[in-house]
Amino acid sequence: MTHLLQHKALQQREKQREQLLNRFFNYITFDTQSKPEAQKSPSSMGQLRLAEHLVEELELLGLSEVKLSRHCVVTALLPSNCGSKRTIGFISHLDTSPQMSGKHIKAELIQEYRGGDIALGKGDDYISPVDYPFLQQLVGDSLIVTDGNTLLGADNKAGIAEIMTALEQLIESKIPHANIRVAFTPDEEIGLGMDFFPIADFVCDWAYTIDGGEAGELQIENFNAAGVDIVIQGHSAHPGDAKDKMVNALALACDFHQYLPKNDVPEKTAERQGFFHLDKIEGDIEQVRMHYLIREFDAAQFKLRKQQFQQWIGEFTTKYGLQQRFRVEISDSYKNMYEVISKVPQSLELAKMAMQECGITPLLKPIRGGTDGAKLAVMGIACPNIFTGGYNFHSKYELASVQGMQSAVDVIAKIAVLAV
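For what it's worth, the working numbering labels the leading residue of the sequence shown as 114, then goes sequentially.
Structure (structure tokens):
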């Protein structure tokens, strides 16, 4: 009898793996790269096509209240099968990063990784444990990698595939579970999609974004974030006749950047250290546009960082007499979600308990970035972030562990069961 039960469990596990991988490999065929300069959401048609596909899939699974909003947010409800009053939400985003192409992704499945370098496609690119020591922890796992020409899309199509597979597992197993609301959102990577989130279609006690990294990752803190847009107006003149005429906006931009501290940048900070980051500069002698990111976990320090930036601007414009040539706008992007999550401690405890019951050690880490959960927290819904089993997001070195992805499915389903 024990042997038969073990054999049945292995068959179910293999079926889950097949369902999960089929979904993931299907979803990454949709080019859903978001467009940074977009003024509307969705910023790319590929996101709408994937959203429409997910609507069909959710309807086939038998979910109710399946909706696609005019801004490409998919929402649906899996009602409790045991009369539970509690409702838990799960969210993943449709788009992939603007930093790397997600078009014509060619993924490779490496069965039981044995260690060492992983070649990407037929070129000279590879992923090495020397550069990425975490690979040593994945020996024995099956890994999904790219051919080196695109990102993989695990951020966040792994999350979508995991939620969908967990829903199917809950439906087929008929195990008692709470009400489950799901949402798939556009333009998370450019911070735009949640501006149009249909909160009335996502009423729940609390929720989880499935958008983290390594197995066990559980996040309840993220950066407070602001963006700074600067326009420096110069005056062009022929270089041979430029004395007392030319105002070189490019040179002024270089001078201004020197006001910022050299070590207070992303490449030299970690854990809960904040930073200033120049992430875009473009223009010519006549005009330069610069964009900075301001990041800080502590709210008081975040306020001080913005004040410091304003001080540098004041000193710089006074020094060069540029008050009429220097336009600045500082705008908040999102807040640390911890303030809201701390008021709903059961959202964290349930996730920890689910992981432990699945044999996974919870790894509490701060997010050095933001998620849709941070914006959902502003709307009053606590929303911790849970792992997907993906690594090296936003790059051609992105990869996913199949075992990590399956563990995410297990945790999602276990949360739904424990929530009863």
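For every residue, glycine included, the Cβ atom is placed at its ideal position computed from N, Cα and C.
According to DSSP, is Y226 helix, strand or coil?
coil
Closest by CA to S154, which one among E301, C471, Q519, F415?
E301
Nearest-angstrom Cα separation, counted from G427 out to G434
10 Å
For the candidate residues E221, R385, P299, whose alpha-carbon lies nearest to that of I273?
P299
Would you list the residues sitting across from V441 in a DSSP beta bridge?
I343
Buried or exposed by the 16-neighbour rule on C-beta atoms within 10 Å, applied to H617:
In this structure the chain extends from 114 to 533, so residue 617 is not present and cannot be described.
Quick check on DSSP: helix, strand or coil for E221?
strand
Are the CB atoms of I231 and V252 nearer to each other than 8 Å?
no
Starting from the Cα of F410, find the closest Cα among A383, L461, F336, A355 and give me that residue.
F336
The segment 465 to 484 in contact with the segment 508 to 515 per 3-pair CB rule at 8 Å
no
Would you list the one or two residues that DSSP bridges to T188?
K180, A296
Pair within 8 Å by beta-carbon distance, N292 and P192
yes
Would you list the residues sitting across from H206 in a DSSP beta bridge?
T298
Can you give me the Cβ contacts of A464 inside the same chain, cut-off strictly under 8 Å, excluding the 5 residues immediately before and after it?
Y321, L331, P475, P497, I499, V524, I528
Could you spell out where the alpha helix (DSSP H) holding L264 opens and where it closes?
That residue, L264, is in no alpha helix (DSSP H); it is neither H nor E in DSSP.
Among M518, V295, K235, I443, the one whose alpha carbon lies nearest that of D314:
V295
Let me confirm a value: T263 is counted as buried when at least 16 other C-beta atoms fall within 10 Å, else exposed. Which label applies?
buried
Quick one: residues in its chain with C-beta nearer than 6 Å to the C-beta of L489, no 5 flanking neighbours on either side, listed in chain order?
C496
Which residues does DSSP list as the beta-bridge partners of G503?
A513
Can you tell me the Cα-Cα spacing of S508 and Q250, whole angstroms?
20 Å
Taking the straight line between their C-alpha atoms, what separation do you get for G229 and H351?
57 Å
Verify whether the separation of the beta carbon atoms of A362 and I333 is less than 8 Å.
no
Apart from the five residues just before and just after T431, which ones in its own chain have a Cβ nearer than 7 Å to its Cβ?
none
If you reduce the DSSP assignment to three classes, tell me which class K419 lands in.
helix
Can we say the segment 274 to 288 touches the segment 210 to 229, given the rule of at least three CB pairs closer than 8 Å?
no
Which residue from L207, L171, V441 puts its Cα closest to that of F422?
V441
Give the straight-line distance between the Cα atoms of A413 and S349, rounded to the nearest whole angstrom.
42 Å
Integer-rounded CB distance, given that V533 should sit under 8 Å from C317:
14 Å between Cβ atoms; not a contact.
What is the rounded straight-line gap between the Cα of I323 and the Cα of D208?
14 Å
With burial defined as no fewer than 16 other Cβ atoms inside 10 Å of the residue's Cβ, what is the status of N505: buried or exposed?
buried
In three-state terms, what does DSSP make of F143?
coil
Can you grab the Cα-Cα spacing for the pair T142 / I443, in whole Å?
37 Å
Going straight from the alpha carbon of A328 to that of L365, what length do you get?
46 Å
What is the residue span of the alpha helix (DSSP H) that A313 lies within?
First-last for A313: undefined, no H or E at that position.
For I231, the residue or residues it bridges with in DSSP:
I240
Can you check which of these residues, L161, R126, R481, is closest to A383 by C-alpha distance?
R481
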